[in-house]
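Notes follow the structure.
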Amino acid sequence: MLATELQVDSPLDVYRPRPARVIDVERLTPLENRFRLEWPDGRSLGHAPGQFVQVSMLGVGECPISICSSPTRSEYFELTVRRVGAVTSAIHQIEKGDLIGIRGPLGRGFDIERFVGRDIVIVAGGCALAPARSLIQYIMDERPRFGEFHLLYGARSPEELLFRDEIVTWERDESVSCHVTVDRAAGSWKGNVGVVTTLFGRLPKFDKPNTRAVVIGPPVMFKFVVMELLARGIPQKQIYCSLERRMKCGIGKCGHCQVNHLYACQDGPVFNLAELTNVREAIE
Amino acid sequence: MQHPPVNSKPRSLGRVLCAIFFGHPQVIVLVPLSIGILVHAIVRLTHEEPTHGFTPAELVRCAGVLTALTMFAGLSIFYLVIVIMGILQKSGNGNSVTATRSTTEGLRLDCIITRKFLLERIAELGKSRTLIGPVARSDSHGHAPQHFYEVVKRPDEIALDFGYCVYGPKGVLLPARETLLQFDRVDGQFKARACIDDRPTAIVGVHPCDLHAIETLDVVFRDGPSDTHYLTRRENTFIVGIDCARPCTDGVFCGDIGTNLAAGGFDVMLYPLFDVVDASALRGFKCVGPESNGRCLGAMFGTEAGRRWFEGGPKEDFYIPEGKDIEIFDAYLDQKREAFPQEIEADWKDVPRILGRSYDSLLWKATSNRCYSCGSCNLVCPTCYCFDIQDENDLPVESGRRERTWDGCMLREFASVAGGHNFRDASANRLRHRILRKGAWIQQQTGHHGCVGCGRCDRACTAQISIKQIMNQLAEEARHAGN
Chain A
0 MLATELQVDS
10 PLDVYRPRPA
20 RVIDVERLTP
30 LENRFRLEWP
40 DGRSLGHAPG
50 QFVQVSMLGV
60 GECPISICSS
70 PTRSEYFELT
80 VRRVGAVTSA
90 IHQIEKGDLI
100 GIRGPLGRGF
110 DIERFVGRDI
120 VIVAGGCALA
130 PARSLIQYIM
140 DERPRFGEFH
150 LLYGARSPEE
160 LLFRDEIVTW
170 ERDESVSCHV
180 TVDRAAGSWK
190 GNVGVVTTLF
200 GRLPKFDKPN
210 TRAVVIGPPV
220 MFKFVVMELL
230 ARGIPQKQIY
240 CSLERRMKCG
250 IGKCGHCQVN
260 HLYACQDGPV
270 FNLAELTNVR
280 EAIE
Chain B
0 MQHPPVNSKP
10 RSLGRVLCAI
20 FFGHPQVIVL
30 VPLSIGILVH
40 AIVRLTHEEP
50 THGFTPAELV
60 RCAGVLTALT
70 MFAGLSIFYL
80 VIVIMGILQK
90 SGNGNSVTAT
100 RSTTEGLRLD
110 CIITRKFLLE
120 RIAELGKSRT
130 LIGPVARSDS
140 HGHAPQHFYE
150 VVKRPDEIAL
160 DFGYCVYGPK
170 GVLLPARETL
180 LQFDRVDGQF
190 KARACIDDRP
200 TAIVGVHPCD
210 LHAIETLDVV
220 FRDGPSDTHY
230 LTRRENTFIV
240 GIDCARPCTD
250 GVFCGDIGTN
260 LAAGGFDVML
270 YPLFDVVDAS
280 ALRGFKCVGP
290 ESNGRCLGAM
300 FGTEAGRRWF
310 EGGPKEDFYI
320 PEGKDIEIFD
330 AYLDQKREAF
340 PQEIEADWKD
350 VPRILGRSYD
360 SLLWKATSNR
370 CYSCGSCNLV
380 CPTCYCFDIQ
390 DENDLPVESG
400 RRERTWDGCM
410 LREFASVAGG
420 HNFRDASANR
430 LRHRILRKGA
440 WIQQQTGHHG
450 CVGCGRCDRA
460 CTAQISIKQI
470 MNQLAEEARH
480 AGN
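Read top to bottom, the protein sequences are chains A and B. According to numbering that gives the first Met the number 0, the first sequence is numbered sequentially starting from 0. According to numbering that gives the first Met the number 0, the second sequence is numbered sequentially starting from 0.
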């Protein structure tokens, strides 16, 4: 009863990756590379900030990777991949010009319309600056459509900071208040030291009804940032977060990304915090 | 399947009249009424001698009324003809069925057949499909034989009198291991082809609980981005259900949920009427004794394909139930309802609410302390559909396969992510997740049962953890908490 005895190809199969070409590779840290990709037929990916794709290394496996570029730059899309397992190690082997399997864009991203005209606070931790970058780039590319823009970013050490060149441009840009911190630093680091919530003291008082906050980061950071925002009077329904879970199929079937009754890959990964009331596993 | 030639039968007229009377009562009123009005109008027009002739205005009005009435009568008769033709067409093909009553649960007795008829039909089914059914298997330790769904060659290998199968039939639709893609990597290029299994299959002998479970799987794999692999296999699977007259074993709670009855999800549903009622009272043929045609079964059709399957079987072993037979079916169902004791100490409708408030209960840790996180409960559960995807390479490694295998939320690594964080590291959290999915969340997501009460997980547990006991203990907690 081997299914391989019989094959009927289905071009629309949801599990079938399509080849994308790698047009640029940049080393961000010893563990993280940024890959710029395009479809061979020149189409755009058509994603929303916050969505993800499944990246296939045929023969090794598949893993979910956030799209770290904005749809406003539609001629390509970018992925930042941290080398942690078999698939991501294999991805790190690929070079400019190679083909790589992509399924997506998948999941629910940020609904930009809910941010237009609002003051924005983005709090990102660790490698979650990558998914946050798709939204940051969007806001920077269409800056006049948004109000005040605050960006808080924390990493464990200066060596682990992602997109350092871009951070410098954001810090210099007067239309953004960009603050960066590291948990611990040695040597030449002249910036802030401390967890990301220590940066809140640098922000002006929020225009509460008009502020929309975005939290993306590791599970430990999550709860504390949300508490900080709530303490500053931001209502739950104005806080958005992106949940990291194990996504195997990316289409709401395989069950790995369940967060109580929700599927992070289909219902999220971007959620409004109000949707997560009583979804205890989301923040715990 | 070949249809037998259409042959008019003496019983046709009576059947047509019955069907019109029960199925289309509006015709009974509409047709005679419109004809009556028409005749009346014509008679009045022609027989009442006008004293001084018609005025032109009266003539126009009469003509108008006459035209309208004629059209009305014409349409009514046209409708009658369509109804009759529809019925004749149905009754023309061999063994046929006209409308019979349904119970409140949507159950219906469409025909009565002998075992001989069924075996002949299964053999016919086996000519065009792979047959799968419950088969008794003994182990080498001298335990009593247990039933498993297996591929069979002959109809008589299928144990239709089985109690329960250790695993549900989900493996037929969602194999424990299947190939999703085949791929080749040549010169930096790659080709990936989807592997879709569209071979025709038939599962013969599915109990109502498992029919409900299949409905849940259907929704999971159909809604949202649909899963071609599952759906293609499902479309090509013919399902013959078989009803349980009584609980298959102690402790099952399908009766509490209502999943001990199924009104859909099958092509044909069989009812072992002889198990409960004195079937010798059946009108059509003698059902017991050496000279009988074999023990008889009732059947309900769920699909047109199911109906067609019974056409062309031996006619002497098939008949349409009427009167007394329907009473026997009703008696069977009455006795069945009595046969399933209440096992859950709460109304099943309240279970999602009870579970929703159980999040902080001590019971999760208390129970999970003895859990081995072996995943046996996931393995045997007919509604557990979670899976993992892995790549397998051929040698040389230019080609390979992407495979899907069953996975289980009770296994420790199920919710861990790259980098090592595990979102359900404690076994108490995994147990709570599973029970809440079964009793509340799957229902919330799909609108179908997350748990069908089959009791398989309770029987399979290597640590004697019982979902039924957990639900009953939580129901008790809820009663004390006053909610």
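Beta carbons: idealized from backbone N, C-alpha and C, even for Gly. The model shown is predicted, which means the values in this text are computed figures rather than measured ones.
Within chain B, Tyr358 have C-beta atoms less than 8 Å from the C-beta of Arg279/A, given in sequence order.
Residue state for Gln188/B is assigned as strand, using DSSP reduced to three classes. Checking the DSSP bridge columns, you'll see Leu105/A partnered with Phe51/A. Ile112/B is bridged by DSSP to Leu296/B, Phe317/B. A straight-line Cα-Cα distance of about 18 Å links Asp140/A and Gly108/A. Distance between Met84/B and Leu210/B, taken at the CA atoms: about 34 Å. For Ala474/B, there is no enclosing beta strand (DSSP E); the residue is found in the alpha helix (DSSP H) stretching over 466-480.
Distance from the CA of Asp160/B to the CA of Asn377/B, rounded to the nearest whole angstrom, comes to 26 Å.
In this structure, the beta-carbon distance from Val13/A to Ile250/A falls below 8 Å. The residue among Ala158/B, Ala67/B, Cys385/B with its C-alpha nearest the C-alpha of Ala175/B is Cys385/B. Any Cβ of chain A closer than 8 Å to the Cβ of Asn392/B would place that residue at the interface, and such an atom is present. Non-local C-beta neighbours of Thr71/A in its own chain, meaning closer than 8 Å and more than five positions away in sequence, comprise Gln136, Tyr137, Asp140, Glu141, ordered along the chain.
Here Thr248/B is exposed, its C-beta having fewer than 16 other C-beta atoms within 10 Å.
Using beta-carbon distances, Gly399/B counts as an interface residue toward chain A, with a partner under 8 Å.
For a cut-off of 8 Å, the C-beta gap from Phe189/B to Pro63/A is around 20 Å, too long to register as a contact. Contact residues of the stretch 154-181 of chain B toward chain A are Pro174, Glu177, Thr178, Leu179, Leu180, Gln181 (C-beta to C-beta distance below 8 Å). The three-state secondary structure of Ser127/B, taken from DSSP, is helix. Listed along chain A are Ser9, Leu11, Asp12, Val13, Tyr14, each with a C-beta nearer than 9 Å to that of Thr227/B. Boundaries of the alpha helix (DSSP H) around Asn428/B: 426-435. Secondary structure note for Arg369/B: it is in no alpha helix (DSSP H), with a DSSP letter that is neither H nor E. Boundaries of the alpha helix (DSSP H) harbouring Ile138/A: 128-140, taken from the DSSP string. Listed in chain order, the non-local C-beta contacts of Ala191/B below 6 Å within the same chain comprise Leu180, Phe182, local neighbours out to five positions each way being set aside. Of the candidates Ser137/B, Pro154/B, Cys460/B, Arg153/B, the residue whose Cα lies closest to the Cα of His146/B is Ser137/B. With 16 or more neighbouring CB atoms inside 10 Å of its own CB, Val86/A falls in the buried class.
Proximity to Val151/B across Ala143/B, His142/B, Gly297/B, Lys126/B peaks at Lys126/B, based on C-alpha coordinates.
Sequence-distant partners of Arg245/A (beyond 5 residues in either direction) whose C-beta falls short of 7 Å from its own C-beta, in its chain, are His255, Cys256. With respect to Leu108/B, Pro313/B sits apart: the two C-beta atoms are not nearer than 8 Å. Only exposed fits Lys323/B, as fewer than 16 other CB atoms lie within 10 angstroms of its CB. Secondary structure of Ile353/B (DSSP, three-state): helix. Look at the stretch 143-175 of chain A: it has no residue with a C-beta under 8 Å from a C-beta of chain B. For Leu150/A, the enclosing beta strand (DSSP E) covers residues 148-154.
Closer than 8 Å to the CB of Lys247/A there is at least one CB belonging to chain B. The residues Asn271, Leu272, Ala273, in chain order, have a CB closer than 8 Å to that of Lys236/A in the same chain once the five nearest residues on each side in sequence are set aside. Distance from Lys252/A to Val219/B at the Cβ level is roughly 7 Å; contact confirmed, criterion being Cβ atoms closer than 8 Å. When the five nearest sequence neighbours on each side are left out, the beta carbons in the same chain lying within less than 8 Å of the beta carbon of Ile166/A are those of Tyr152, Leu160, Cys177, Val179, in order along the chain. For Ala427/B, the closest Cβ of chain A is not nearer than 8 Å.
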